[in-house]
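Protein chains in written order, with the working numbering: chain A, 13 to 768; chain B, 246 to 399.
One structure is given here, and the rest of the page talks about it.
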């Protein structure tokens, strides 16, 4: 692959270095919070709501309290003695640590039993009794717009995001945020367009399913609190816990070792506030470790409905697009309002359309909360706009790739926000995906009941702004190097990438660099490891820190009148007369950003664009409706890869994960809001037998000029196009269109029957 | 309620006091500080808790510790240096978060004991009881083939 201009004599960037922690992981020795046990530790087991919406009439914990071995049972009452308003959340302070007065979804935490034996705690949980006055509930995102069932009595924006402040105190609504974008004159353009197409698409609620379920441990003294947590956002956890307790940040320490997967599940705060108060109340270390089942009630991916309408002129050019998106955020906002806005503005897709209207709504419902899952809402949007785009092309009788070519948003052209596209290889990504699937060439279309088809889809994403990353790089007296960053390695290989960046700048091997894991007492602030931002933001901060250290070392050299090529260890020896000292470089990275105006317009919507396309060949069994992906091609613009092998595995892993969300994963709720498949026995995630026979991943030759050594994020990119590419291929194979995920055999079969 | 059981653990004769409800994963973790076998789904569906009992893979989160009496237990901690399988997993980048990796390593050892030169279909079916949410499946297939080659060489 092409290398950026910064290469040195000891190129570390662009090398497929095996993950630095490889030995630890294959030997079963990597540190996870899952493994942590502290002396005298209590285990907390959670008693959860059995109704979707209700006032708590009676809560009786006395029988649980009497169980031998139970240390204590905690409810919201005890928590409120410590924190008067124990509500948290990144966008809204709407989520109580334990339910107060009301429950808003099945599975909401209501009480916690503490015991030194987790089996005892679990047994006692079953003895807690709760009675509820059930309230009318709302589950559907469209119904939530007008429903009389109101999930929250009043909206409580957190105040951290300026565009949410005006919502404070709003009552009688389930709309947590309305995002609006207007460009050009859509009404006029639709009126003039010779052809208008309109479709509606839906996605289902699914779960991240990290195999290390959410887990946090807290220990405390009278004036300090340490939280060991499987979190993607240690800096945010510290801020939020300090705010809840009214403590200065320096009394709250948040430590994060490796994560056993994250995918957005372990963001903002999840169990941290709970373990913090449990430890402060009991003065003992407390661990809360969720079961797989409990994860389904904790954080999920938004179900969504998307109405999309396009006007096309006589030459097949898209002249207007109208997007209405409803996001089912569940009972607590989590980061849903950000998904609504930050993803909402890319809803028209990577097309050059002059007249655009977008209305995107974050909605409360009585389902488990939804947040960010590998794409921050983008896969839901691409599902709709690429299915829609394919349908238009077919109806116009234009080849789907040709139709896209005609309308593609090219470099330098303004996107719906008005921001001009820069370093976004949209065209290249589409062309490579088409080439790799042999688009346009004849192929075996199958016979009888087994039919084959091809499909393609392309999506793009703006990286979240406005966010900050800091880093420090310490060069030790022997010349070895330590990187301090609060970027969390949850499997994406960030430790290795950060070490490569520091090594590249300092011209030392990656393997000689150590990366200190997030510890808010030690590592500097970092917004969070999310939304594919870290390689770009933390990577740039590490680069700046290493450059700062390098500058200080050269100053030292000239001070000591040493030649430029003096080994670092010799510089320190000369300076201190022995092996002593160190040099610390710091890096602070915050890219420029302009907030959107009331029409969603801004000249700088994002620090970088991510582009991903997927092309597939599928086989559909018309007797059973089963769809098998034979060939899966993922192409992405990731800038210039820091570690090509890790990039490839990120693309592959993301696409296979999205394959599960496309073909079978779905949280199934009944009419009472009860989840019917909260276990891996009933909720299947992709395994070996779901793997396409042939998978190809490619990063196009590209450069993100503002990125560290030309690189940008990759974690989410391969998820964008998978779902619509498959639906488009199914259409190609058997002539039916599915507009709702997942594409189960049953759904495909029913469509085939309808078509007969 | 506890009773003492004797068994061999990673080649050493050991004993432990176990309660009837305790699982093998709990005893390995609490009595022996072995953390490589991890409970994840709690239902024997994911393979993160895989342990070899007399050379056969079991789900350690469902396997009662008391049944381990007089058996030979092998966990991922049985080696202090990577064996051919672990080396192959490193070379093929066959993991991301690493949480499921010990289960895959043990299952791959059993697979290669039975099929020294497995084809891709055999690998897929044999390992289908182990899940990896990071979906490092293509790399795991590569690793298994590589491990087979390494084992044949030595």
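Glycine included, every Cβ here is placed at the ideal spot set by N, Cα and C.
Residue burial classification, residue i (beta-carbon count within 10 angstroms, cutoff 16)
i	result
residue 17 (chain A)	In this prediction, residue 17 (chain A) scores a pLDDT of 40, lower than 50, which makes its location untrustworthy; no coordinate-derived value is stated.
residue 455 (chain A)	exposed
residue 83 (chain A)	buried
residue 376 (chain B)	buried
residue 353 (chain A)	buried
residue 398 (chain A)	buried
residue 765 (chain A)	exposed
residue 590 (chain A)	exposed
residue 106 (chain A)	buried
residue 425 (chain A)	exposed
residue 19 (chain A)	Caution applies to residue 19 (chain A), whose pLDDT of 39 falls short of 50 and renders its modelled position unreliable; the value that the coordinates give is listed next. So residue 19 (chain A) ends up on the exposed side.
residue 262 (chain B)	exposed
residue 266 (chain B)	exposed
residue 246 (chain B)	exposed
residue 370 (chain B)	exposed
residue 13 (chain A)	Confidence at residue 13 (chain A) is low in this model, with a pLDDT of 34, below 50, so the placement of that residue is unreliable and no value is reported for it.
residue 633 (chain A)	buried
DSSP bridge partner residues for residue i (one or two, in chain order)
i	result
residue 231 (chain A)	A:238
residue 471 (chain A)	A:624
residue 261 (chain B)	B:250
residue 220 (chain A)	Its beta-bridge partners do not exist; DSSP assigns none.
residue 743 (chain A)	Paired residues: none, contrary to the question.
residue 531 (chain A)	A:267
residue 315 (chain A)	A:340
residue 321 (chain A)	A:210, A:334
residue 182 (chain A)	Beta-bridge pairing links residue 182 (chain A) to no other residue.
residue 107 (chain A)	A:100
residue 144 (chain A)	A:68
residue 190 (chain A)	A:373
residue 302 (chain B)	B:297
residue 458 (chain A)	A:463
residue 56 (chain A)	A:126
residue 709 (chain A)	A:646
Residue range of the unbroken beta strand (DSSP E) whose run includes residue i
i	result
residue 601 (chain A)	594–601
residue 121 (chain A)	121–127
residue 666 (chain A)	Where residue 666 (chain A) is concerned, there is no enclosing beta strand (DSSP E), although the alpha helix (DSSP H) it sits in stretches over 656–675.
residue 319 (chain B)	317–319
residue 3 (chain A)	Because residue 3 (chain A) is not part of the residues shown, which for chain A are 13 to 768, the question remains open.
residue 71 (chain A)	66–72
residue 358 (chain B)	Careful: residue 358 (chain B) lies outside any beta strand (DSSP E), inside the alpha helix (DSSP H) at 346–359.
residue 295 (chain B)	295–298
Extent of the continuous alpha helix (DSSP H) to which residue i belongs
i	result
residue 775 (chain A)	The structure shown does not extend to residue 775 (chain A), since chain A spans only 13 to 768, so no value can be given for it.
residue 643 (chain A)	From DSSP, residue 643 (chain A) is part of no alpha helix (DSSP H) but of the beta strand (DSSP E) over 639–649.
residue 497 (chain A)	Premise fails: residue 497 (chain A) lies in the beta strand (DSSP E), 493–497, not in any alpha helix (DSSP H).
residue 267 (chain B)	No alpha helix (DSSP H) contains residue 267 (chain B), which DSSP labels as neither H nor E.
residue 557 (chain A)	546–571
residue 361 (chain A)	Neither: residue 361 (chain A) is in no alpha helix (DSSP H) and is coded neither H nor E.
According to a CB-to-CB cut-off of less than 8 Å, which residues of the stretch 291–305 of chain B neighbour chain A?
291, 293
Going along the chain, which residues of the stretch 363–389 of chain B sit with their C-beta nearer than 7 Å to a C-beta in chain A?
369, 372, 373, 376, 378, 379, 380, 381, 382, 383, 384
Touching by the beta-carbon criterion (3+ pairs, under 8 Å), the stretch 58–75 of chain A and the stretch 142–150 of chain A:
yes
Do the stretch 713–730 of chain A and the stretch 531–546 of chain A touch if we need at least three Cβ pairs shorter than 8 Å?
Yes: the two stretches touch, three or more of their Cβ pairs being nearer than 8 Å.
Could you list the residues in the stretch 536–568 of chain A with a C-beta less than 9 Å from some C-beta on chain B, going in chain order?
none
Check whether the stretch 358–372 of chain B touches the stretch 271–284 of chain B, counting contact only when three or more Cβ pairs, one atom from each stretch, lie closer than 8 Å.
no
Check whether the stretch 158–177 of chain A and the stretch 328–338 of chain A are in contact - that is, three or more C-beta pairs closer than 8 Å.
no
Taking Cβ-Cβ distances below 9 Å as the criterion, which residues of the stretch 262–282 of chain A are in contact with chain B?
270, 271, 272, 273, 274, 275
For the pair the stretch 407–419 of chain A and the stretch 219–228 of chain A, tell me if three or more CB-CB distances fall below 8 Å.
In this structure the stretch 407–419 of chain A does not touch the stretch 219–228 of chain A; the number of beta carbon pairs closer than 8 Å is below three.
Touching or not, the stretch 189–197 of chain A and the stretch 365–383 of chain A, by the rule of three or more beta carbon pairs under 8 Å?
yes
Going along the chain, which residues of the stretch 271–293 of chain B sit with their C-beta nearer than 7 Å to a C-beta in chain E?
Checking the listed chains, one finds no chain E in this structure; the protein chains it contains are A and B.
Under 9 Å (Cβ pairs) to chain B, residues found in the stretch 23–37 of chain A:
28, 30, 31, 33, 34, 35, 36, 37
Can you list, in chain order, the residues of the stretch 201–232 of chain A whose Cβ is nearer than 9 Å to any Cβ on chain B?
220, 221, 222, 223, 224, 225
At a Cβ cut of 8 Å, what residues of the stretch 700–715 of chain A count as close to chain B, listed as they run along the chain?
700, 701, 703, 707
Kindly confirm or deny that the stretch 658–667 of chain A and the stretch 377–388 of chain B touch, where touching means at least three C-beta pairs closer than 8 Å.
yes
Within 8 Å, do at least three Cβ pairs link the stretch 32–47 of chain A to the stretch 92–109 of chain A?
no
State whether the stretch 206–216 of chain A contacts the stretch 382–400 of chain A, with contact taken as three or more CB pairs (one from each stretch) at a distance under 8 Å.
yes
Segment contact, 8 Å Cβ cut-off, at least three pairs: the stretch 434–442 of chain A with the stretch 705–725 of chain A
yes
Looking at C-beta atoms only, is the number of pairs between the stretch 301–310 of chain B and the stretch 320–329 of chain A that lie closer than 8 Å three or more?
no
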